[in-house]
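Positions 1 to 204 (the UniProt record's numbering) are the ones given, in order, by the sequence shown. We put the CB at the ideal spot given by N, CA and C, even for glycine. Okay, so here's the structure we're looking at.
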Amino acid sequence: MTEIAVIVHSMAGSSARLARAISEGAEGVEDTKVRLLRVPDPATSDADLAANPRFGHLFTEHVAEIPVATFEDLAQVDGIILGCGTRFGGMSAPMRHFLESASGLWMTGALNGKVGGAFATASTPHGGQEKTIHDLLTALMHFGVVIVPPGYGDPIQHQASSPYGAAARAGGPTGLVPTDDDLTAGRFLGRRVAETTGRLTLTL
């Protein structure tokens, strides 16, 4: 049995919606189990996020019920797919805090040889989704994770997303949510990472 962790930081639910689609894609691969997890905001409590007058209802509906990720989750699974919303053109601070706090796993090489991928959302067409994906992939590479990008391995990649990871324009003042094409591309990323993880796990 291959186990994949899809770990997301999401405030208003856009990245969480994409994470659920990625999880669905991975779960569709035979002998694959998925942990959908979230990174909390170290500076803002869940209660305060839920009370936010602008997006609190979205946090409650799409994010709050997702279990919080631990470093043990990272160490226990075979594959890791990270994602978050874009902040000023890059990875969100809570996701960076989570990864930098996992330096003990880097010290011991606990993630070395695992398989990984990444995804991101931003509220504008060129808000930094690909840069955020690169930030996430760079962090995974420092942990020794084998990177699996979607590339153009499915026709949906010519209509949506990014060759580096799953990407969507969503959230922010526009109120946009990931499109059906975005979610389809997310499922493809999940499937591709899960399939590759399964093949590599069999050879070890």
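*Is it true that the stretch 161–181 meets the stretch 138–146, where meeting means three or more beta-carbon pairs spaced less than 8 Å apart?*
no
*asked:* Would I147 and G109 qualify as a contact pair, given that the criterion is a beta-carbon distance under 8 Å?
replied: Within the sequence shown, residue 147 is the residue found at index 147, counting from 1. Within the sequence shown, residue 109 is the residue found at index 109, counting from 1. No; because the gap between Cβ atoms is not below 8 Å, this pair is not in contact.
*Terminal residues of the continuous beta strand (DSSP E) containing F59?*
On the sequence shown, residue 59 is found 59 positions in, with the first residue counted as 1. Not the beta strand (DSSP E): F59 falls in the alpha helix (DSSP H), residues 56–62.
_Suppose you measure from the CA of E3 to the CA of G190; what does that come to, to the nearest Å?_
Locating residue 3 in the sequence shown gives position 3, counting from the first residue. Locating residue 190 in the sequence shown gives position 190, counting from the first residue. Near 12 Å, if we compare the C-alpha coordinates of G190 and E3.
*Element boundaries [alpha helix (DSSP H), containing F143]*: By 1-based counting over the sequence shown, the position of residue 143 is 143. From DSSP, F143 is part of no alpha helix (DSSP H); its letter is neither H nor E.
*Can you tell me where the alpha helix (DSSP H) with G25 in it begins and where it stops?*
Here residue 25 refers to the residue found at position 25 when the sequence shown is read from its first residue. Note, G25: alpha helix (DSSP H), 14–27.
*asked:* Rounding to the nearest angstrom, what Cα-Cα distance links L105 and T184 in this structure?
replied: Numbered from 1 along the sequence shown, position 105 holds the residue referred to as residue 105. Numbered from 1 along the sequence shown, position 184 holds the residue referred to as residue 184. Looking at the two C-alpha atoms, the distance is approximately 32 Å.
*Span of the beta strand (DSSP E) around R169*: As a working note, residue 169 is residue 169 in the sequence shown. Here the beta strand (DSSP E) through R169 covers 166–169.
*List the DSSP bridge partners of A5.*
Working through the sequence shown from its first residue, we reach residue 5 at position 5. Paired residue(s): R35, I80.
*For my contact list, A21 and F59 are in at a C-beta cut-off of 8 Å; report their separation, rounded to the angstrom.*
As a position in the sequence shown, residue 21 is number 21, starting the count at 1. As a position in the sequence shown, residue 59 is number 59, starting the count at 1. Going by Cβ atoms, the distance from A21 to F59 rounds to 19 Å, so no, they are not a contact pair.
_Beta-carbon proximity check, A194 vs V6, cutoff 8 Å_ = Mapped onto the sequence shown, residue 194 falls at position 194. Mapped onto the sequence shown, residue 6 falls at position 6. No, the Cβ-Cβ distance between A194 and V6 is not below 8 Å.
*Simplified DSSP state of F88, which is helix, strand or coil*: As a first step, residue 88 must be located in the sequence shown, where it is residue number 88. DSSP places F88 in coil when its eight states are reduced to three.
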